[in-house]
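> Input: one structure, supplied below.
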Amino acid sequence: MAGNQDKVVSLDQAGAMIAARKILSLAGSHSVNSPMALIRAAIRAGASALSIIPPVTTSIASDLLIAAGAVDTFYLCYIGFETLGFAPAFRAAAEAGTLNVIEGDEPFVMLGTRAAAGGYPFIPVNKGVYEGTDLPRLNPMLKKVTDPFTGEEVYAIPALPADVCILHAQAADAQGNAQFWGGNNQELDKAMAADCVIISTERLISVDATRRDVERVNIPGHMVDAVVHVPYGAHPTASPEFYGTDEAHLKTYFDAVRGGNRDDYLDRFVTGPADHEAYLGEVGLSAMFELQKNA
Amino acid sequence: MAEQADPGTTNYSMAELMAVAMARALEAEDGNLGGVGAAAVVPMAAARLAVLTVAPNLWWFCGGASGLNPTFDNLPRSSADPKAAVGSTGKKNMLDVVDMGATGKWDWGFNGGLQIDKFGNINMIGIGPHDKLKLRGPGTVGTIWTGTLKRPYLYSMHHAPRILVDRVDYISGPGWLDGGTSRADVIGRDTLGPQLLFTPICVLDFTEDAHQLRLKSVHPGYDKDAVIANTGCELVVPDKVPETPPPTEQELFVLRNHVDRDGVLKDVRATVG
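Same order as they appear, the protein sequences are chains A and B.
All letters in the first sequence, in the order written, are residues 565 to 859 by my numbering.
All letters in the second sequence, in the order written, are residues -4 to 268 by my numbering.
Next comes the structure, spelled out in structure tokens:
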């Protein structure tokens, strides 16, 4: 959609928009630029039975949604907490059989998203990418087909469209023109592959400020449906040039879920705080400010 | 039970020794383009150290932050940390990383797995029947590219019988497959299989024809009996196995002053058993 010139909504409104949809695409790599405030708002708004299409590497963004019981199906490429260990809620749900895991990988997620972004029904890759691996046997969405031009066998990766894509930006204006600093540019295809695009942003800037710095705009506003101004909206993941990853908070989450105390974490940090300001209060402003040193 | 690998000295940690050993191996890749992925703090340190010591013309791509040839002094814990791209000479798009994997344009790369087998196949998928995994792994991610990398290098931060196995439960990253010519026969590409495997207690390579795992050197603090006892697959063990040369003073100086000023590698988990 192109839409109107003022797309700013409240965090609660954005949470309700996400909760009304089923296939959720997440931007942000690993523990950087994850749209965490939007995720917490979606959980508070009752998001359930979601299918998640994560970025190629994901961490707490996906794991928190799984911990909250909001996810049915997960398109796996990689999920983990790096030096802390395996993603605890993902692992528990997958091993208990309560989570449907699509056994994906980098080309599956990236090219499936590319296909959806461009309206291509699928993207073929040469057979050598998958031969010798167990992925074609484990992922029924990968199909061996014949190249109509050469007669060679190739693997077809289907388009992976999303109902809604949520992203955390460093700066965006009310029209939705958005800047993502750092990362590896998965954002544009993710936005194009979704019916609805919601952006949270550290700074809500004027359209004049966008015009002065247009080289930094990664996603033009015509692709964007809603903008939410959420300083510290990526916490506990990092927001490049604003704050670093909150390693201590990630460990608090990790220990709580692994230790069987996920409800305590959810009560304290997700469903308990009435809004984002209350969440910031629970984490503590001095801790937040400290993270700026590590940006 | 897994315990932290101990080199028997307080002069360096085992993760530091691993980074140094991996950096030395990258001398063979000077001038070539490769990369490290997510959860790769030791390979990141190794690539940065290699550039400053033995491989000044190395080209390397640093995972999630996507920088080419970054020049950080403070090793980040995550390759996705924006600080992992500090001082880079270029940035890559994830889609172009995938395109280069599919066209076989990466010369070298470091990959690991939940399980690694005697032919260097790696498993990031899990252990047990797929519809009822006993251990759900983190996912295949870029390990799929070990099939198209010209020269894959492997590492594991844990050396244990459950990790170094006779046959992986699933292949997410193809090594030498069933050994012999099977990799070339199945993948149909002119790529070599895994070159070396670095663990917290030793370095391994692969035999020339069968491409089977072979002990190359044992780290200080351990001996070949310890390696055999902690390995779950058959190993080719030469009569004489040298000690992995410990880090030199110069290597440690560069590592601690120009790669890892915060001492991240001092407490990275590197376990045995």
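In this text, a Cβ means the ideal position worked out from N, Cα and C, and glycines have one as well.
Note that the coordinates shown come from a computational prediction; the quantities given were computed from them, not determined experimentally.
Taking the Cβ atom as the reference point for each residue, do Leu640 of chain A and Phe818 of chain A lie within a distance shorter than 8 Å?
Their beta carbons are not under 8 Å apart, which means Leu640 of chain A does not touch Phe818 of chain A by this criterion.
> Between the segment 173 to 190 of chain B and the segment -1 to 7 of chain B, are three or more C-beta pairs nearer than 8 Å?
The segment 173 to 190 of chain B, when compared against the segment -1 to 7 of chain B, does not touch it at the 8 Å Cβ threshold.
> How about Ala733 of chain A and Ser595 of chain A: do their beta carbons lie closer than 8 Å?
No, they are not a contact pair.
> Could you confirm whether any beta carbon from chain A is found closer than 8 Å to the beta carbon of Ala97 of chain B?
Ala97 of chain B counts as touching chain A.
> Is Asn741 of chain A closer than 8 Å to Gly785 of chain A when the C-beta atoms are compared?
Contact: yes.
> Quickly, what does DSSP pair Leu130 of chain B with across the bridge? List them, please.
The partner list for Leu130 of chain B (beta bridge, DSSP) reads B:Ile122.
> Could you run through the segment 663 to 689 of chain A and flag, in chain order, every residue whose CB is less than 8 Å away from some CB of chain B?
Listed in sequence order: Val665, Glu667, Gly668, Asp669, Glu670, Pro671, Met674, Leu675, Arg678 and Val689.
> What number of angstroms, rounded off, separates the C-alpha of Met(-4) of chain B from the C-alpha of Ser770 of chain A?
Cα to Cα, Met(-4) of chain B sits roughly 58 Å from Ser770 of chain A.
> Taking a Cβ distance cut-off of 8 Å, strictly less, list which residues of the segment 704 to 718 of chain A are near chain B, in chain order.
The segment 704 to 718 of chain A vs chain B, Cβ under 8 Å: nothing.
> Buried or exposed, going by whether 16 or more other CB atoms sit within 10 Å of the CB of Leu849 of chain A?
It is exposed - the Cβ of Leu849 of chain A has fewer than 16 other Cβ atoms within 10 Å.
> Can you tell which of A:Ile763, A:Met756, A:Ile603 and A:Leu628 has the C-alpha that lies nearest to the C-alpha of Tyr684 of chain A?
Residue A:Met756 is the option with its Cα nearest to Tyr684 of chain A.
> Using the C-alpha atoms, what's the distance from Ala611 of chain A back to Glu667 of chain A?
Looking at the two C-alpha atoms, the distance is approximately 23 Å.
> How is the beta strand (DSSP E) around Val689 of chain A delimited, first residue to last?
Element bounds for Val689 of chain A: Phe686 to Asn690.
> Taking DSSP's pairing of strands, which residues face Glu238 of chain B in a bridge?
DSSP, once it has assigned bridges, lists B:Val213 as partnering Glu238 of chain B.
> Could you say which of B:Pro71, B:Arg162, B:Pro38 and B:Tyr7 lies nearest to Arg19 of chain B if we only look at CA atoms?
When each option's Cα is compared against that of Arg19 of chain B, the closest is B:Pro38.
> Within the same chain, show all residues whose beta-carbon is closer than 6 Å to that of Met9 of chain B, passing over the 5 residues directly before and after it, in chain order.
Only Ala0, Pro2, Pro195 and Ala265 meet the Cβ criterion.
> Anything in the segment 59 to 75 of chain B with a Cβ closer than 7 Å to a Cβ of chain A? List those residues in chain order, please.
Within the segment 59 to 75 of chain B, the qualifying residues are Gly59, Ala60, Ser61, Arg72, Ser73 and Ala75.
> Could you say which of A:Lys857, A:Leu768, A:Tyr807 and A:Ile763 lies nearest to Ala591 of chain A if we only look at CA atoms?
The candidate whose alpha carbon is nearest that of Ala591 of chain A is A:Ile763.
> Select from B:Val254, B:Lys145, B:Phe193 and B:Met119 the residue whose C-alpha is nearest the C-alpha of Tyr165 of chain B.
The shortest Cα separation from Tyr165 of chain B among B:Val254, B:Lys145, B:Phe193 and B:Met119 belongs to B:Met119.
> Would you kindly work out how many angstroms separate the C-alpha atoms of Met600 of chain A and His799 of chain A, rounded to a whole number?
Rounded to the nearest angstrom, the two C-alpha atoms are 6 Å apart.
> To the nearest angstrom, report how far apart Val709 of chain A and Pro722 of chain A are at their CA atoms.
If I take the Cα positions, the gap works out to 12 Å.
> Just to confirm the assignment, what range does the alpha helix (DSSP H) spanning Gln245 of chain B have?
Here the alpha helix (DSSP H) through Gln245 of chain B covers Glu244 to Val249.
> Give me the chain B residues within the contact set of Cys729 of chain A, using Cβ-Cβ distance strictly less than 7 Å, ordered along the chain.
Near Cys729 of chain A there are no residues of chain B at all, since even the closest Cβ is about 15 Å away, more than 7 Å.
> First and last residue of the beta strand (DSSP E) that includes Pro147 of chain B?
Taken as a continuous stretch (DSSP letters only), the beta strand (DSSP E) holding Pro147 of chain B covers Arg146 to Tyr150.
> Would Val49 of chain B and Glu11 of chain B be called neighbours here (beta carbons separated by less than 8 Å)?
No, Cβ-Cβ distance for Val49 of chain B and Glu11 of chain B is not below 8 Å.
> Output, in chain order, the set of chain B residues within a Cβ distance shorter than 9 Å of Gln750 of chain A.
Correct list: Asn88, Met89 and Leu90.
> Per the DSSP calculation, Glu717 of chain A is bridged to which residue(s)?
Note: Glu717 of chain A sits in a beta bridge opposite A:Thr710.
> So, is the C-beta of His594 of chain A closer than 8 Å to a C-beta in chain B?
Chain B, which has a Cβ nearer than 8 Å to the Cβ of His594 of chain A, makes this yes.
> Taking C-beta pairs closer than 7 Å, name the residues in chain A that His125 of chain B reaches, listed in chain order.
Going along chain A in sequence order, the residues near His125 of chain B (Cβ under 7 Å) are Leu702.
> Considering only the alpha carbon of each residue, which of A:Pro712, A:Phe645 and A:Ala720 lies closest to Met674 of chain A?
Considering only alpha carbons, the answer is A:Ala720.
> Specify, as a first and last residue, the run of the alpha helix (DSSP H) that Gln856 of chain A falls within.
Per DSSP, Gln856 of chain A belongs to the alpha helix (DSSP H) from Leu849 to Gln856.
> Determine the DSSP secondary structure at Pro722 of chain A, reduced to helix, strand or coil.
Three-state DSSP puts Pro722 of chain A in a strand.
> Go ahead and pull the three-state DSSP assignment for Ser177 of chain B.
It is helical.
> Where do the ends of the alpha helix (DSSP H) carrying Val37 of chain B lie?
Taken as a continuous stretch (DSSP letters only), the alpha helix (DSSP H) holding Val37 of chain B covers Val36 to Leu47.
> Assuming Ala16 of chain B and Val31 of chain B are in contact, meaning their beta carbons sit under 8 Å apart, how far apart are those beta carbons, in whole angstroms?
So it is not a contact: roughly 15 Å between Cβ atoms.
> Does the beta carbon of Arg256 of chain B sit closer than 8 Å to a beta carbon anywhere in chain A?
No, Arg256 of chain B lies away from the interface with chain A (no Cβ there is under 8 Å from its Cβ).
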